[in-house]
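If you read the sequence shown in the working numbering, its first letter stands for residue 5, the second for the next number, and so on.
Where is the CB? At the ideal position from N, CA and C, for every residue including glycine.
Here's the structure, in structure tokens; my notes come after.
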Amino acid sequence: MVEDRIYNRKDYDKNLIIEERTKAVAKKVTELLKKTNRFDKTIIFCVDIDHAQRMRSAIANENSDLVKENDKFVMQITGDNEEGKNELDNFINPEERYPVIATTSKLMTTGIDAQTCKLIVLDSNIGSMTEFKQIIGRGTRIKEEFGKTFFTIMDFRNVTDKFADDGFNGPPIRVKEIGEDEEIPTPEEEQEETIIDDNGEEIIFDDPTTDLPEGGVIISEPRIKQYVNGVDVSILNERIQYLDSNGKLITENLKDYTRKKVREQFESLDDFLNKWNDADKKKAIIDELSEQGVIFENLKETINKEMDIFDLICHTAFDKPPLTRAERANNVKKRDYFTKYGDKARKVLEALLDKYADEGIENIEDMKILQVNPLHKFGSPVEIIKLFGGKKKYLKALIELEKEIYRKVA
């Protein structure tokens with residue numbers, strides 16, 4: 005018999021089990037991964053072990069094609085699941101592809117260095133600010149060599165409201181400044197000190213209580229869960245939010261925010277074009293804007309991920325019509341720009357242009373690009389550079405290629 009009362013978000017998966025809701029969450033998570041990368045390491049925080057088990061099944065059903073390839077694509081990693089716990093080291097290892105998705109309750113809240121975790125899913129009621137910070141901390145590691153420069157949070161319980169809480173980035177409760185020649189005081193000595201606040205008032209710290217409540221009857225009966233089936237479940241509203249470089253929520257449209265940030269750095273389109281064209285490495289400008297808070301990865305998803313970062317900037321900040329990377333690459337090929345180079349050097353530049361079309365300008369500026377397919381087919385990096393007459397001439401050819409890519413834009 006289901007208790008007759010009003011149920012809310014905190015009841016889901018604790019007192020009230022609605023399988024359709026679990027399936028809806030799994031479907032939404034999978035939808036995001038399909039738009040980004042289905043092999044992005046993901047942790048789904050659930051209410052309890054039972055919820056983690058059901059979520060694992062729901063995720064597996066939504067990704068049956070990848071589970072068929074490897075049944076470790078999604079694993080339940082909880083305290084009672086030996087098979088899952090045995091895969092924990094593989095999950096946090098950047099070199100290991102599987103498991104990709106981990107469903108958990110409390111086991112992975114702390115002490116887990118998930119270096120390449122790019123998606124954290126919150127489907128658990130998290131009341132503690134400390135626990136919230138610990139969970140978010142699973143995604144904050146940067147690992148650029150593995151493509152991890154940011155992470156995403158999907159929140160199905162409004163837990164991320166805690167970002168707006170004063171306690172999230174509040175001041176430390178107690179600070180003591182110690183000079184170079186001063187000794188660090190013992191805890192006993194600190195207890196005897198008088199702490200004065202900014203208004204000159206003494207701060208009184210309450211003594212911790214040692215009184216424990218009297219023991220009562222231990223209730224050993226498990227909590228009764230009500231299972232309800234055949235319920236229509238839909239997403240009532242959806243909100244996408246971003247944090248700026250200071251960890252503050254961006255409250256405006258992402259395009260408007262980007263426009264403002266770019267224009268803080270460049271007064272006009274001509275100013276931007278001059279600095280872009282003068283830069284030996286375009287990545288320096290991209291990195292500078294990223295440090296100022298421009299979120300290029302999310303901007304690509306919002307506008308067009310096939311668009312060149314140059315076009316993202318010009319289109320978003322200065323209202324210029326954009327081109328995709330493929331369109332820019334094709335324009336270079338139409339101009340027969342490569343004919344002035346020898347046969348092998350020409351093929352290297354053509355391969356670099358194709359790499360640009362696939363991956364973007366930052367990658368072809370990295371010398372490591374010469375070590376990967378198809379560039380490595382032309383020889384070692386040293387041998388490839390010799391085709392151009394040395395490193396200076398290779399870099400000069402690369403700069404000229406970039407000028408061709410961005411030719412006639414203004």
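Residue i in three-state terms, based on DSSP
{"i": "LYS45", "result": "strand"}
{"i": "ILE53", "result": "helix"}
{"i": "TYR246", "result": "strand"}
{"i": "ASP340", "result": "coil"}
{"i": "LEU391", "result": "coil"}
{"i": "LEU4", "result": "There is simply no residue 4 to check, as the chain begins at 5 and stops at 414 in what is shown."}
{"i": "THR484", "result": "Residue coverage of the chain in this structure runs from 5 to 414, which leaves residue 484 outside it and unanswerable."}
{"i": "ASP313", "result": "According to the sequence provided, residue 313 is Ile. The question's Asp does not apply to it. In the structure shown, ILE313 sits in a helix (DSSP, three-state: H, G or I)."}
{"i": "LEU20", "result": "strand"}
{"i": "LEU273", "result": "helix"}
{"i": "THR40", "result": "coil"}
{"i": "ASP159", "result": "strand"}
{"i": "VAL235", "result": "coil"}
{"i": "LYS27", "result": "helix"}
{"i": "THR262", "result": "helix"}
{"i": "ILE105", "result": "strand"}
{"i": "ILE254", "result": "strand"}
{"i": "LYS396", "result": "helix"}
{"i": "PRO212", "result": "Note on PRO212: pLDDT 47, under 50, position unreliable in the model; no value is reported."}
{"i": "THR153", "result": "coil"}
{"i": "THR306", "result": "helix"}
{"i": "THR415", "result": "No answer is possible for residue 415: it lies beyond the span of the chain, which begins at 5 and ends at 414."}
Member of the options whose CA lies at the smallest distance from the CA of residue i
{"i": "THR134", "options": "PHE155, LYS166 and THR40", "result": "LYS166"}
{"i": "THR26", "options": "ASP236, GLU404, SER132 and GLY346", "result": "ASP236"}
{"i": "ARG332", "options": "ASP362, VAL51 and LYS381", "result": "ASP362"}
{"i": "ILE124", "options": "GLU369, ASN85 and ARG161", "result": "ARG161"}
{"i": "LEU357", "options": "GLY394, ASP312, SER384 and ARG60", "result": "ASP312"}
{"i": "THR306", "options": "LEU258, GLY394, LYS286 and PRO98", "result": "LEU258"}
{"i": "ALA321", "options": "ILE403, ILE140 and LYS265", "result": "LYS265"}
{"i": "TYR365", "options": "GLU406, GLU23 and ASP159", "result": "The amino acid occupying residue 365 in the given sequence is Ile; Tyr does not appear at that position. The residue with the shortest Cα to Cα distance from ILE365 is GLU406."}
{"i": "ASN233", "options": "ASP8, ILE63, GLU24 and ASP17", "result": "GLU24"}
{"i": "ASN85", "options": "ASP54, LYS400, ALA288 and ALA349", "result": "ASP54"}
{"i": "ALA288", "options": "SER272, PHE314, LEU303 and ARG267", "result": "PHE314"}
{"i": "TYR345", "options": "GLY383, ILE21 and PHE392", "result": "PHE392"}
{"i": "THR46", "options": "ASN65, TYR16, GLY83 and THR108", "result": "THR108"}
{"i": "LYS38", "options": "ASN67, LYS396 and LYS381", "result": "ASN67"}
{"i": "ALA349", "options": "TYR398, LYS324 and ARG42", "result": "TYR398"}
{"i": "ARG411", "options": "LEU70, THR153 and LYS338", "result": "LYS338"}
{"i": "VAL336", "options": "ILE409, CYS318 and ARG267", "result": "ILE409"}
{"i": "GLU295", "options": "ALA283, CYS318 and GLN269", "result": "GLN269"}
{"i": "ALA168", "options": "ASN65, PHE136, LYS152 and ASN41", "result": "PHE136"}
{"i": "TYR11", "options": "LYS229, PRO325 and ASN302", "result": "LYS229"}
{"i": "LEU36", "options": "LYS390, GLU149, ASN302 and GLU404", "result": "ASN302"}
{"i": "LEU293", "options": "ASN308, ASP44 and ARG267", "result": "ARG267"}
Close beta carbons around residue i, own chain, < 8 Å, minus the five adjacent residues each side
{"i": "ILE116", "result": "LEU92, ILE96 and ARG142"}
{"i": "GLU310", "result": "THR328, ARG329 and ALA330"}
{"i": "LEU379", "result": "VAL352, ALA355, LEU356, LYS359, ILE373 and ILE388"}
{"i": "PRO176", "result": "In this predicted model, PRO176 has a pLDDT of only 48, less than 50, meaning its place in the structure is not dependable enough to derive any value."}
{"i": "PRO385", "result": "MET371, LEU374 and GLN375"}
{"i": "PRO325", "result": "HIS319"}
Any non-hydrogen atom of the ligand FAD closer than 7 Å to residue i Cβ
{"i": "ARG145", "result": "Of ligands this structure carries none, so the ligand FAD is not represented either."}
Proximal residues to residue i (C-beta, below 6 Å), its chain only, five neighbours per side dropped
{"i": "PRO103", "result": "LYS76, MET79, GLU91 and PHE95"}
{"i": "LYS14", "result": "ASN129"}
{"i": "ARG145", "result": "GLN119"}
{"i": "PHE155", "result": "LYS122 and GLY143"}
{"i": "LYS18", "result": "VAL51"}
{"i": "LEU273", "result": "PHE322"}
{"i": "GLU100", "result": "ASN94"}
{"i": "GLY83", "result": "LEU111"}
{"i": "ARG60", "result": "VAL78, GLN80 and THR107"}
Inter-residue CB distance, residue i and residue j (contact presumed, cutoff 8 Å)
{"i": "ALA106", "j": "ILE140", "result": "That pair is no contact at about 16 Å."}
{"i": "ALA62", "j": "ALA30", "result": "4 Å"}
{"i": "LYS285", "j": "GLU369", "result": "5 Å"}
{"i": "ILE21", "j": "TYR231", "result": "5 Å"}
{"i": "ILE290", "j": "PHE300", "result": "7 Å"}
Own chain partners of residue i with C-beta closer than 7 Å, once the 5 adjacent residues on each side are dropped
{"i": "LYS147", "result": "PRO98, GLN119 and THR120"}
{"i": "ASP8", "result": "none"}
{"i": "LYS396", "result": "none"}
{"i": "PHE342", "result": "ARG350, LEU353 and GLU354"}
{"i": "ARG263", "result": "THR320 and ALA321"}
Ordered list of alpha helix (DSSP H) runs contained in the region 53-77, each at least 4 residues: Taking only runs of at least 4 residues, the alpha helix (DSSP H) segments lying wholly in the region 53-77 are 53-66 and 68-73.
Whole alpha helix (DSSP H) elements within the region 276-302, 4-residue minimum: If only uninterrupted alpha helix (DSSP H) runs of at least 4 residues are considered, those enclosed by the region 276-302 are 286-295.
Uninterrupted beta strand (DSSP E) stretches inside the region 331-375 (no shorter than 3 residues): Those beta strand (DSSP E) runs which fall completely within the region 331-375 and span 3+ residues do not exist here.
Every unbroken alpha helix (DSSP H) inside the region 121-146 [4 residues or more]: If we require 4 residues or more, the alpha helix (DSSP H) runs fully inside the region 121-146 come out as 133-140.
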